[in-house]
Amino acid sequence: DEGVRRALADKPNLICLDADMATSNATLVCQELRKNTFVPIILLGSRSDETDVVFALGMGADYYLVKPFRNAELAAYAEAAIRRETFYCRLRTDCDIVRIKDLVLDFCAHELRRNGRPISLSPTEFRLIEVLARNAGRTMSRDQLLDSVWELKADGIYSRTIDVHIGRIRRKIGDNPLKPRYIVTVPGFGYKMVSD
Numbered sequence: 001d002e003g004v005r006r007a008l009a010d011k012p013n014l015i016c017l018d019a020d021m022a023t024s025n026a027t028l029v030c031q032e033l034r035k036n037t038f039v040p041i042i043l044l045g046s047r048s049d050e051t052d053v054v055f056a057l058g059m060g061a062d063y064y065l066v067k068p069f070r071n072a073e074l075a076a077y078a079e080a081a082i083r084r085e086t087f088y089c090r091l092r093t094d095c096d097i098v099r100i101k102d103l104v105l106d107f108c109a110h111e112l113r114r115n116g117r118p119i120s121l122s123p124t125e126f127r128l129i130e131v132l133a134r135n136a137g138r139t140m141s142r143d144q145l146l147d148s149v150w151e152l153k154a155d156g157i158y159s160r161t162i163d164v165h166i167g168r169i170r171r172k173i174g175d176n177p178l179k180p181r182y183i184v185t186v187p188g189f190g191y192k193m194v195s196d
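For what it's worth, the working numbering labels the leading residue of the sequence shown as 1, then goes sequentially.
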């Protein structure tokens, strides 16, 4: 609780959480931080199982680094996360608004609305739907989405991560994957946001 309060009060450029600390549950801390901030979060942990990595990313982490890692690797992830957030801050100042059917994406307000009601998305989910919306009508491969949203490919970031995030977005916007209105699956390749 104290760490979350300090992180929100100090407004850092980046947050690194150690998933192996006995005093706290890093994924719950990450989830709590995500409710209140878009600052990039790197989760450090010794568990390398795909389900653990996907779970951590689903809870709001932007990256998951498996211990032991090289210091240069952590520094590269930190620089990429800060660079990406700086890039998205610049995009938000452009105040673009994209409309697809009854969805409205306001990049300046960092907000998604459906039928006028706001839909809560994690920063990673918002970046993912933003990439799809800016490329509406165009099929994006999982690799293209990984490169666009996470910038760095890593052993800890799998194409399955894209599927998990797309599934969460679909649930939040009420999109049935069997009869999609917004996000279409292109089997064996990736996803496409329908164009209006």
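Glycine included, each C-beta is placed from N, C-alpha and C at the ideal position.
DSSP three-state assignment for residue 106, whether helix, strand or coil: strand
In the structure shown, what three-state DSSP assignment does residue 101 receive? coil
Assuming residue 219 and residue 32 form a contact by the criterion Cβ under 8 Å, report the distance between their Cβ atoms to the nearest whole angstrom. Coverage of the chain is limited to positions 1 through 196, which leaves residue 219 absent and any answer about it impossible.
At a cut of 8 Å, does the region 170-187 reach the region 96-109 through at least three beta carbon pairs? yes
If we define contact as Cβ-Cβ less than 9 Å, is residue 76 a contact residue for chain D? Looking for chain D here will not work: only one protein chain is present.
Does residue 113 come out as helix, strand or coil in the three-state DSSP assignment? strand
Return yes when the Cβ of residue 46 is within less than 9 Å of the Cβ of residue 20, no when it is not. yes
Could you pull the start and end residues of the alpha helix (DSSP H) that residue 188 belongs to? Unbroken run through residue 188: none, as it is neither H nor E.
For residue 147, name the three-state secondary structure that DSSP assigns. helix
Which term fits residue 2, buried or exposed, when burial requires 16 or more other beta carbons within 10 angstroms of its beta carbon? exposed
Assign residue 122 to one of two classes, buried (16 or more other C-beta atoms within 10 Å of its C-beta) or exposed (fewer than that). buried
Those runs of the beta strand (DSSP E) which lie wholly inside the region 8-59 and span at least 3 residues: 15-18 and 41-45
DSSP on residue 63, reduced to helix/strand/coil? strand
Quick check on DSSP: helix, strand or coil for residue 180? coil
With the cut-off set at 9 Å, would you say residue 60 and residue 41 are in Cβ contact? yes
Cβ distance (whole Å) where residue 172 is taken to contact residue 119 below 8 Å: 5 Å
Compute the distance between the beta-carbons of residue 43 and residue 27, then report whether it is under 9 Å. yes
Residue 129 and residue 169: beta carbons closer than 9 Å? yes
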